[in-house]
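Novice:
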Amino acid sequence: MSETKYIFVTGGVASSLGKGIIAASIGKLLQARGFNITIQKFDPYINIDPGTLNPYEHGECYVTDDGQETDLDLGHYERFTGIKTTRYNNFTTGKIYQSVIDKERRGDYLGKTIQVIPHITDEIKRDMLYLGKTKKYDFVITEIGGTVGDIEGQPFLEAIRQLKWDLGKNAVCIHLTYVPYLAAAGELKTKPTQHSVKELQSLGIQPDILVLRAEHELGTGLRRKIAAFCNVSPEAVVQSLDQPTIYEVPLRMQEQGLDATILRKLDMPVGETPGLGPWRSFLDRRHKATEIINIGLVGKYDLQDAYKSILEALSQAGTYNDRKVKCHFINSEKIDNTTVADKLAGMDGYVICPGFGQRGIEGKIIAAQYCREHNKPTFGICLGMQMMVIEFGRNVLGYSDANSVEMDNKTAHNVIDLMEDQKNITNMGGTMRLGGYECTLREGSRVREIYGKEIIRERHRHRYEFNNDYRAAYEQAGMECVGTNPDTDLVEIVEIPTLTWYVGTQFHPEYSSTVLKPHPLFLDFVKAAIENKK
Ligand code: GLN
581 MSETKYIFVT GGVASSLGKG IIAASIGKLL QARGFNITIQ KFDPYINIDP
631 GTLNPYEHGE CYVTDDGQET DLDLGHYERF TGIKTTRYNN FTTGKIYQSV
681 IDKERRGDYL GKTIQVIPHI TDEIKRDMLY LGKTKKYDFV ITEIGGTVGD
731 IEGQPFLEAI RQLKWDLGKN AVCIHLTYVP YLAAAGELKT KPTQHSVKEL
781 QSLGIQPDIL VLRAEHELGT GLRRKIAAFC NVSPEAVVQS LDQPTIYEVP
831 LRMQEQGLDA TILRKLDMPV GETPGLGPWR SFLDRRHKAT EIINIGLVGK
881 YDLQDAYKSI LEALSQAGTY NDRKVKCHFI NSEKIDNTTV ADKLAGMDGY
931 VICPGFGQRG IEGKIIAAQY CREHNKPTFG ICLGMQMMVI EFGRNVLGYS
981 DANSVEMDNK TAHNVIDLME DQKNITNMGG TMRLGGYECT LREGSRVREI
1031 YGKEIIRERH RHRYEFNNDY RAAYEQAGME CVGTNPDTDL VEIVEIPTLT
1081 WYVGTQFHPE YSSTVLKPHP LFLDFVKAAI ENKK
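Note that the working numbering has the sequence shown beginning at 581, numbered continuously upward.
(1) Could you tell me whether the segment 611 to 619 touches the segment 645 to 664, using the rule of 3 or more Cβ pairs below 8 Å?
(2) If we require 3 or more residues per run, which beta strand (DSSP E) segments fall completely within the segment 691 to 741?
(3) Counting by C-beta, which residues lie closer than 5 Å to a heavy atom of ligand 1, in chain order?
(4) Relative to the alpha-carbon of residue 810, which residue among 653, 789, 879 and 599 has its alpha-carbon at the smallest distance?
(5) Who are the near neighbours of residue 1066 in its chain, counting only those whose CB is closer than 6 Å to its CB and skipping five residues on each side?
(6) Please state whether the Cβ-Cβ distance between residue 615 and residue 718 is less than 7 Å.
(7) Can you look up residue 1067 in the DSSP assignment and give me helix, strand or coil?
(8) Buried or exposed, going by whether 16 or more other CB atoms sit within 10 Å of the CB of residue 597?
(9) Roughly how many angstroms lie between the CA atoms of residue 950 and residue 714, to the nearest whole one?
(10) To the nearest angstrom, how far is the alpha carbon of residue 617 from that of residue 978?
(11) Would residue 1129 pass as a contact of residue 1037 if the rule is Cβ separation under 7 Å?
(12) Alpha carbons only, please: which of 690, 764, 710 and 791 is nearest the one belonging to residue 603?
(13) In this structure, what does DSSP give as the bridge partners for residue 781?
(14) Does the count of Cβ pairs from the segment 675 to 682 and the segment 918 to 935 closer than 8 Å reach three?
(15) Who pairs with residue 904 in a beta bridge, going by DSSP?
(16) Beta-carbon separation of residue 943 and residue 915 under 7 Å?
(17) Taking 8 Å as the threshold, find out whether the segment 1051 to 1062 comes into contact with the segment 1091 to 1105 through three or more Cβ pairs.
(18) Hey, is residue 1080's beta-carbon within less than 7 Å of any beta-carbon in chain D?
(19) Which two residues bound the contiguous beta strand (DSSP E) that contains residue 1033?
(20) So what's residue 910 in DSSP terms, helix, strand or just coil?
(21) Tell me which residues share the same chain as residue 705 and place their Cβ nearer than 7 Å to its Cβ, disregarding the 5 neighbours each side in the sequence.
(22) Using 8 Å as the threshold, is the segment 852 to 868 in touch with the segment 1074 to 1082, meaning 3 or more CB pairs across them?
(23) What does the Cβ neighbour count give for residue 992, buried or exposed, with the cut at 16 atoms within 10 Å?
(24) Buried or exposed for residue 782, please, with buried defined as at least 16 other CB atoms from any protein chain shown within 10 angstroms of its CB.
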């Protein structure tokens, strides 16, 4: 195999332009040309990982199979490309400083003064090259979080400047900016882009390719102007307009030859443009699916990014069921016995969402009761599954104080208990049960049929678990523990088989649903919601 090539993706002008989608799309397009790729993200914030962050800060915390809590962009990388990311695909300033400080304490630097340049930047460079050094990849795509001009981002950009110099023809830099439309003037404005590129140039980085986010078509003249002002060739100026779905983005990028331009800049043969057949079939099916299926998400975070992977998994499952899934957020804090029927009205199925802490949990329990008693298709995920268990304990088994010790550590009916290996943990960061674990599915159960196999592997992120002391009582009363960990006997899936579709998973199936491989549980859940609608 030839040398690994590096593609750096930076952003300017504004955040939330969709750098992650662009990075994932580039990965997809290169993969379609037969290359092995991986995508990594470097986040300038100081947290070691996003595990301790409130979802209001950076949205959902995504979890890799090897148990790293990561930025949600890694979810896009996996959904677009089907690759499995690892703990080496996401670094933060905090993680980098921690490693440098550990080395300093060990005495590795032999008396040197430790400085941002070269010690922090060397550490960043080492991490940026790490996956490439494994020799598994033709391309390593590196997305830098934040925008050019942020103080925290500077060491990362300095590392890229040095790497571009070291790697020569094996590296390209793609800069994503924004071209605003001034309605009053009726004009698209290129000045912010020019400034953003200047800022990058002042740090010693000349971008090779510009991707311009805009709400209106950029004419050839405008693109030529930007090319001329920014020292890039006109074909290396690509526009990225709003799309009906993010999954259109790879096609739009391919139409403008973004992947071909990347290959040319890297002195590689371009070859034929791949057809992206399966991807296009997915999109065709998606566009044809116009009949709406309404899913209520019972949770406490009223922002989309907090449940990103669940929304994507549901929408993919919708497409494969030839329906358009419309998700409706139902704030669990607003649900009580008097409001539940009203709040939950009009939905074809319900997801009881994951989460942490006390806020909004009583509403989730009441929602679970309503769904169980009215036989609604219901999917409880992680905390949602735990709420299903608590509800069943309280209202079927008669344990009126049934609870999770996360919410009430004195309850006599601790049906959800702290896991044994969590009992002596004092640090909150990175210490939950994280990542992929195997689960054995019970013969004859619905989930066994859905997955079509006995042993599955799913990703986890939790501290509490179903208390096995209560297992027999639950089974007898009709809530069955149909998925269990083969090594530890932890309960991973509960189900009420007498209901149409009432399943709770301790794991997060949403993390592993991809465009071309939608998750079987979401597929079946949406199917049940469709049946329910009829
Ligand atoms: N708070 C619960 C636990 O730690 C559930 C976590 C989650 O929903 N991801 O077990």
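Don't be surprised by glycine CBs; every beta carbon is placed ideally from N, CA and C.
Specialist: By the coordinates alone:
(1) yes
(2) 719 to 724
(3) 934, 936, 962, 963, 1041, 1042, 1043 and 1044
(4) The sequence position of residue 810 within the sequence shown is 230, counting from 1. That would be 789, whose Cα lies nearest to the Cα of residue 810.
(5) Here the question's residue 1066 lines up with position 486 in the sequence shown. Cβ within range, chain order: 1018 and 1020.
(6) Reading the sequence shown from its first residue, position 35 is the one you call residue 615. Reading the sequence shown from its first residue, position 138 is the one you call residue 718. Closer than 7 Å, so yes.
(7) Mapped onto the sequence shown, residue 1067 falls at position 487. Residue 1067 falls in the coil class under three-state DSSP.
(8) Within the sequence shown, numbered from 1, the residue matching residue 597 stands at position 17. Classification for residue 597: buried.
(9) Translated into the one-based positions of the sequence shown, residue 950 becomes position 370. Translated into the one-based positions of the sequence shown, residue 714 becomes position 134. Near 52 Å, if we compare the C-alpha coordinates of residue 714 and residue 950.
(10) Position 37 of the sequence shown holds residue 617. Position 398 of the sequence shown holds residue 978. Distance between the alpha carbons of residue 617 and residue 978 is about 54 Å.
(11) What the structure shows of the chain is the stretch from 581 to 1114, and residue 1129 is not part of that stretch, so it cannot be assessed.
(12) Within the sequence shown, the letter at position 23 stands for residue 603. Of the candidates 690, 764, 710 and 791, the one whose C-alpha sits nearest the C-alpha of residue 603 is 791.
(13) Residue numbering aside, residue 781 sits at position 201 when the sequence shown is read from its first letter. DSSP output for residue 781 lists no bridge partner at all.
(14) no
(15) Against the sequence shown, residue 904 aligns to sequence position 324. Bridge partners of residue 904: 872.
(16) Here residue 943 refers to the residue found at position 363 of the sequence shown. Here residue 915 refers to the residue found at position 335 of the sequence shown. Yes; because the gap between Cβ atoms is below 7 Å, this pair is in contact.
(17) no
(18) Included in the structure is just one protein chain, with no chain D present.
(19) Mapped onto the sequence shown, residue 1033 falls at position 453. Segment: none, residue 1033 is in no beta strand (DSSP E) and carries neither H nor E.
(20) Stepping through the sequence shown from its first residue, residue 910 is reached at position 330. It is a strand residue.
(21) Counting from 1 along the sequence shown, the entry for residue 705 is found at position 125. Cβ within range, chain order: 739, 742 and 743.
(22) no
(23) On the sequence shown, position 412 is the one that residue 992 refers to. Looking at its Cβ environment, which holds fewer than 16 other Cβ atoms inside 10 Å, residue 992 is exposed.
(24) The residue you call residue 782 lines up with position 202 of the sequence shown. With fewer than 16 other Cβ atoms within 10 Å, it is exposed.
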